[in-house]
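In what follows, a structure is listed as structure tokens, so that the remarks can point back to it.
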Amino acid sequence: MARSVFRFLSRQPETVEIANEHYLLRLPRYSDYRQWYRLRSESRTFLEPWEPSWRADDMTESAFRNRVNRNEQEYATGQAVPLFFFRKPDETLLGGLTIGHIRRGAAQNCMIGYWMGQKFAGQGHMYGALKLTIPYIFSTLELHRIEAACIPENARSIRLLEKAGFEREGYLRQYLKINGQWRDHLMFSRLATDAVPNRKMPL
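Taking the working numbering, I'd label the letters of the sequence shown as residues -19 to 183.
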């Protein structure tokens, strides 16, 4: 396992950008604070039912800078790839997507989580982000398995994962503490060897 982690770190670039003509995903920067603050503030009621409880200082600039520093450390050590998700060409922040809990050795897997600003939700943007991110996970990170968990009542997220080729695997009791309560989750996964059904857009 140590050899596998060293091999990953030895080729790890200083930053990451995943892009096409429509979207850009990259590591957060200090300069993103104003956009992030505005979008998260506008979307608070929309996001809170699906996220861990927001701390009192979550929206401060100092907390954001600490978050960016932590993200950079997690990326540098190969633990996670925390990304902000922008629309091109104006680089309007749409949301975020994190490739987290990266495990090497015999596992070769990760967890993904994501959030979308309320005014951009339901327009296919997060599906566009997944179309870019899934090949990066399998080809660049060379992982074998992607996992995602969502609350059973989150029908929008379930549809997104199924459209992106994820399969439902099981039911996790009181898996995460969301908005102050321990919530059951559905577990989904996609493997590098999975074929996407013909009725769905290719990824």
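Cβ atoms here follow ideal geometry from the backbone N, Cα and C, with glycine treated the same way.
When the Cα of Glu(-6) is compared with those of Glu1, Pro8, His2 and Asn0, which residue comes out closest?
The option with the nearest alpha carbon to Glu(-6) is Pro8.
Less than 7 Å between CB atoms is the rule here; does Gln98 satisfy it with respect to chain D?
The structure shown contains no chain D, having only a single protein chain.
Using only alpha-carbon positions, find the residue among Ala56, Arg50, Leu110 and Arg136 that is nearest to Glu127.
With distances taken between Cα atoms, Glu127 lies closest to Leu110.
Counting Cβ pairs closer than 8 Å, one from the segment 96 to 108 and one from the segment 33 to 50, do we hit at least three?
Flag = no, the segment 96 to 108 and the segment 33 to 50 do not touch.
From the DSSP output, read off the bridge partner residues of Val61.
Beta-bridge pairing links Val61 to Ile79.
Measure the alpha-carbon distance for Ala172 versus Thr78 and round it to whole angstroms.
Looking at the two C-alpha atoms, the distance is approximately 18 Å.
Return the residue from the list Tyr55, Gln88, Asn134 and Cys130 that minimises the CA-CA distance to Leu156.
Leu156 has its Cα closest to that of Cys130, out of Tyr55, Gln88, Asn134 and Cys130.
Check whether the segment 53 to 70 touches the segment 6 to 20, counting contact only when three or more Cβ pairs, one atom from each stretch, lie closer than 8 Å.
Segments in contact, yes.
Using the Cα positions of Gly85 and Tyr55, report the straight-line distance between them to the nearest angstrom.
Note on geometry: alpha-carbon atoms of Gly85 and Tyr55 lie some 18 Å from one another.
Give every residue of the same chain whose Cβ lies closer than 7 Å to the Cβ of His165, excluding the five residues on either side of it in the sequence, and list them in chain order.
If we look at His165 and ignore the five residues flanking it on each side, its Cβ neighbours are Ala129, Cys130, Ile131, Leu152, Tyr155 and Leu156.
Taking C-alpha atoms, which residue in Cys90, Pro115, Gln53 and His105 lies nearest to His81?
Checking every option, the nearest Cα to that of His81 belongs to Cys90.
Among Ser21, Arg6 and Glu31, which residue has its Cα nearest to the Cα of Val48?
Val48 has its Cα closest to that of Arg6, out of Ser21, Arg6 and Glu31.
Which residue's Cα is closest to the Cα of Gln103: Leu74, Gly160, Glu(-3) and Leu19?
Nearest C-alpha to Gln103 among Leu74, Gly160, Glu(-3) and Leu19: Leu74.
With a cut-off of 8 Å on the beta carbons, I'd call Met106 and Tyr116 a contact; round off their distance for me.
The C-beta distance from Met106 to Tyr116 rounds to 15 Å, too long to fall under 8 Å, and the pair is not in contact.
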